[in-house]
Every structure is written in C-alpha cells, then in structure tokens.
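Going by my numbering, the sequence shown opens with residue 108, and the numbers climb by one from there.
Idealized CB from N, CA, C, for every residue including glycine.
Keep in mind that this is a model prediction, so the values were computed, not measured.
Below is one structure; the comments refer to it alone.
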Amino acid sequence: MDSNKIEEAIKKAKETSKQRKFKQAIDLVMVLKKKSEKEKINMDLLLHLPHKVKDVKTCAFVGDDISPDQLSGFSKVIKSTEFKNFDKKSIRKLVRDYDFFFAESSIMPQMAAKFGKNLTNMNKMPNPKTNTIISPGMNLQTLSKSMENAARIMSKKNLAVSAKVGDVESGDKDIIDNVNTVYEAVKSALPDGENNISKVYLKTTMGKPVRL
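Here is the structure:
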C-alpha cells in the first residue's frame with residue numbers, strides 16, 4: 108500500500124477522534140468480497156507484527172516434564188495436575204483474560220476435555236495452524252518471545268477482518284509498517300488476492316472510519 112496515503116489516513120483518524128479517558132486503539136479494517144457465490148473465504152492467520160501493539164498475555168497447559176526455565180516466558184503456566192482446581196466460572200475468566208493458549212501435545216486430550224469448549228467458543232483453542240501445540244524439543248523461550256508482537260486475524264462468516272495496528276500515541280511509521288504487514292498477509296491468504304478486497308479503513312476505537 109502507498110505509505111503516504113496510510114500516513115494521511117493515520118493523521119486524519121487521530122485528528123478527528125475526540126479525546127477520551129483511555130488510550131484509543133487504531134485498527135485496520137478490511138472489507139472483503141467474493142468473486143462468485145461458490146468462492147469460500149475462510150481465514151485464520153497468526154502474524155508477527157514489526158512493532159508491538161499491546162501486552163500479549165500467554166497461557167501454557169503442560170505436564171510435569173518441562174523445566175520451569177523453559178516455561179518462564181509464558182504469562183501463566185497451568186500443569187495438568189491443576190486442571191481439577193478449575194470450575195466453570197474460573198475457566199471462563201481464564202479464557203477471557205489471556206490472548207493465546209498453548210498446550211503440550213501429550214496432555215491435549217485432558218486439556219480439551221476440561222477447557223476445550225470455552226477455548227473453542229473464543230477461537231483460542233491451541234492448534235498446529237497457530238503454532239500453539241508444544242512438541243518435544245521445542246525452544247519454548249523462543250516460542251513465547253515470538254508472541255509479543257503476535258496478532259491473529261480470522262474470517263469465517265463475516266466478510267471483513269480487522270487487526271490492531273497501534274494506538275493514538277504510536278508513531279506514524281510504526282503504524283504504517285504494521286498496516287503493510289497485515290494488508291500483505293491478508294491479500295496473500297485470499298483466493299483471488301487483491302480482487303477479494305473491497306474497502307480498507309483505519310479507525311480509532313471511538314472514531315469514524317477513514318478510508319484508505
């Protein structure tokens with residue numbers, strides 16, 4: 108995308124957004140279109156943005172065979188022996204509070220039986236597509252570190268995707284880099300590329316969309 112046009116849209120989005128008591132996010136919104144009724148647009152992308160946009164919280168479900176040092180990069184670690192301590196209310200809170208969930212492959216059946224319904228409903232179930240299944244020999248420090256700039260983009264029923272690319276205090280260049288990363292990834296994942304993109308907007312949390 109044209110960096111100058113993105114910069115203009117950023118400035119307009121910031122200028123037209125009223126002052127709030129909280130720091131407003133800036134989101135990239137992409138409206139998609141099908142080229143035919145038969146065409147399917149199902150997207151589930153895990154991106155690593157050039158610039159951090161939020162404090163990502165990660166939770167790992169593990170057995171007893173991984174050293175604490177390897178797990179120190181995760182925000183929360185839940186061992187399989189602790190599963191029994193969670194009731195329906197605490198499971199719902201857990202799933203709401205964390206952005207990404209990981210699970211050791213050897214305990215997937217137990218984890219799914221206890222937490223699977225809530226994780227699936229929130230589209231947070233560990234799966235190979237998002238590289239959130241922990242396999243033997245994985246460098247978990249590197250894995251957890253890589254999630255600091257992570258963003259997940261999904262489109263199943265709705266013909267639109269969105270991603271946070273910064274906030275009203277972010278530098279314009281950082282936002283531009285993040286916008287281009289998201290745009291190119293979504294374009295590459297679409298069956299007919301740019302032809303499946305109808306409109307692109309930038310908007311603050313409470314502001315009006317600014318078309319790119």
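Taking the alpha-carbon positions, what's the residue i to residue j distance?
i: N302; j: P157; result: 26 angstroms
i: G180; j: V163; result: 11 angstroms
i: D109; j: N234; result: 35 angstroms
i: S305; j: G244; result: 43 angstroms
i: S92; j: I173; result: An answer regarding residue 92 cannot be provided, because it is not within the stretch 108 to 319 covered by the chain.
i: K280; j: E114; result: 8 angstroms
i: D204; j: D299; result: 36 angstroms
i: K249; j: K263; result: Position check: residue 249 holds Thr in this sequence, whereas Lys was assumed. Using only the alpha carbons, I get a separation of about 30 angstroms.
i: L226; j: M218; result: 10 angstroms
i: A258; j: S212; result: 23 angstroms
i: C166; j: S253; result: 14 angstroms
Which same chain residues, not among the five before or five after residue i, have their C-beta less than 7 angstroms away from its C-beta?
i: T288; result: L154, L156 and P157
i: F222; result: I198
i: E146; result: P298
Do residue i and residue j have their C-beta atoms within less than 9 angstroms of each other?
i: F92; j: I240; result: What the structure shows of the chain is the stretch from 108 to 319, and residue 92 is not part of that stretch, so it cannot be assessed.
i: L178; j: L247; result: yes
i: V317; j: M150; result: no
i: A220; j: L139; result: no
In chain order, what residues of the same chain have a beta carbon less than 8 angstroms from the beta carbon of residue i, not counting five sequence neighbours either side?
i: V272; result: I133, D134, L135, L156, V160, I282, N285, V286, V289 and L309
i: D171; result: K186, S187 and T188
i: A296; result: M150 and L152
i: M229; result: V202 and R203
Once you ignore the five residues that flank residue i on each side, which residues in its own chain have a CB closer than 6 angstroms to its CB?
i: K121; result: V275
In the DSSP assignment, what residue or residues form a beta bridge with residue i?
i: A132; result: D274
i: T311; result: I133
i: M150; result: S262
i: F190; result: F190 is not bridged to any residue.
Let me make sure I understand the geometry here. Which of the options has the alpha-carbon closest to that of residue i?
i: N265; options: K112, Q131 and I148; result: I148
i: F129; options: S182, D176 and T311; result: T311
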